[in-house]
Amino acid sequence: MKHSNVMLAGLSALLLAACSANTPETAPPEPVESDEPAPPAEETLAGPFAAAFPAWYEPAEPFRVIGNIYHVGPKGLGIFFIPTEDGHILIDGGLPENADGVLNNIRALGHDPRDVKYLLNTHAHFDHSGGLARLKAATGAALISSEGDRSALEGGFYLGFEDRPEFNAPPVKVDATLGDRGTVGVGGTVLTALLTPGHTRGCTSWRLTVEEAGTPYEVLIFCSASVAANRLAPDPQYEGIIADYESTFERARGWQPDVFLANHPEFSGLWQKRAAQLDGDALAFVDRDAFPAYMSRMEQGFREQLAKQTSEE
Ligand SMILES: [Zn+2]
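The working numbering numbers the first residue of the sequence shown as 181 and each following residue consecutively.
Quick look at the structure:
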C-alpha cells in the first residue's frame, strides 16, 4: 500500500513504518541530546558551496510567516517549521552545515527539537536534504518522503549524478512514503502531499490551510520546477523526466494558493515579504499572483532548456 493515502495523525512511528511496504518495521532512532554549541547567529558558516551560494550558509533569525508556519532556515534556503500542541513538523533540512542553526532557531522560538514528530522533504537534492540525517538524529522524528525520492535520500546521492560525490548528501532512512494526496497530520494541522515531479523524480509539494486572525489561508510549499543542473536530453537525469515536468506544469496551471512558499527564498520573494511584514503588513505573505507568476517563469525556462539541450543532441 505504499502509494495509498496514509493519514498519519496520532499514529506511532511503528505504524508509520508498517504503512510503507518497502520499509522495514523499525522505529526511528532514539532522540539524541545535542550538546554541541551552534555557531553564533552573525557568523557565516563555511561549506563547499559557499563561494557560489554564500546565502545558503548565512544564518537568519527565525520568524512567523503566517498561522503556525515559521521560517527556520538560513538566509538562502527555505526551511519551514510548523509547531502544534501535539508535536511539530519540519519541512526540509537544508545543507548538512545548516542543521545546527535550524535546531537553534527552533529552540529560539521556544520549542524543543525533540518534539518534532515528522520530518518532511520537498526533494532529494543536497541543498534541501543534506541536513535531514543530522536533524533526524537530533529530533527522533519520523522521515516521510515520496517513493520517487526515497532511493536518493537513503543512498545519499543525487539521482542521475551518482558519479558526482560533491552532490552527495548524508544518507538518511525513510520511515514511510506517501503517494499523491497522502496526508500527514498532527495537532489539527494537516499537510497534503502533492507530487510535482520533474525537478526530481519524487518532487513533493505540500499544501495546508492555516488560520490568521480568524481567516483561513491556503498555503503551498512548492517543491521546485526549475531545470537547474538537470539533463533533459539526450541522456536524461532520470527516465521520464520530460513527461514529468510537462505533467507538473499542466497540473499546477490552475493552482492559485493564497500563500506561496519555496525552498529557495528568491522563488517566492520571501525576504521582500518579510520586510513588508516587519513594516506592519500582517498579511504580507498573502499574494495570490506569486505562484502562477513563478510557474510561468519556470515553464518558460524549461522550454528554453529543452530546446537547447535537444538541439545539442
Ligand atoms: Zn533541487
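We put the beta carbon where it would ideally sit given N, CA and C, even for glycine.
Within 10 angstroms of the beta-carbon of residue 452 lie fewer than 16 other beta-carbons, which makes it exposed.
In this structure, the alpha-carbon of residue 399 lies about 17 Å from that of residue 252. Nearest Cα to residue 455 within the set 447, 314 and 464: 464.
Of all C-beta pairs linking the segment 400 to 413 to the segment 421 to 435, three or more are shorter than 8 Å, placing the two stretches in contact. With a cutoff of 7 Å on beta-carbon distance, residue 262 and residue 272 are scored as not near each other.
Below 8 Å, enough C-beta pairs join the segment 319 to 331 and the segment 368 to 388 to call them touching: three or more. Annotation: the continuous alpha helix (DSSP H) that includes residue 331 extends over 327 to 335. DSSP places residue 396 inside the beta strand (DSSP E), whose first and last residues are 395 to 402. Going by C-alpha positions, residue 307 is about 16 Å away from residue 342.
Around the C-beta of residue 487, fewer than 16 other C-beta atoms lie within 10 Å, and the residue is accordingly described as exposed.
When secondary structure is reduced to three states using DSSP, residue 491 falls in the helix class.
For residue 244, the closest alpha carbon among the candidates 457, 298, 425 and 384 is that of 457.
The beta carbons of residue 338 and residue 277 sit about 17 Å from each other, so the pair does not count as a contact at 8 Å. In terms of Cα proximity to residue 478, the closest of 297, 300, 265 and 406 is 406. When beta bridges are read from the DSSP output, residue 365 appears opposite 370. In terms of side-chain proximity, the C-beta atom of residue 444 is found no nearer than 6 Å to any non-hydrogen atom of ligand 1. Separation of residue 459 and residue 393 (C-alpha to C-alpha, rounded to the nearest whole angstrom) is 18 Å.
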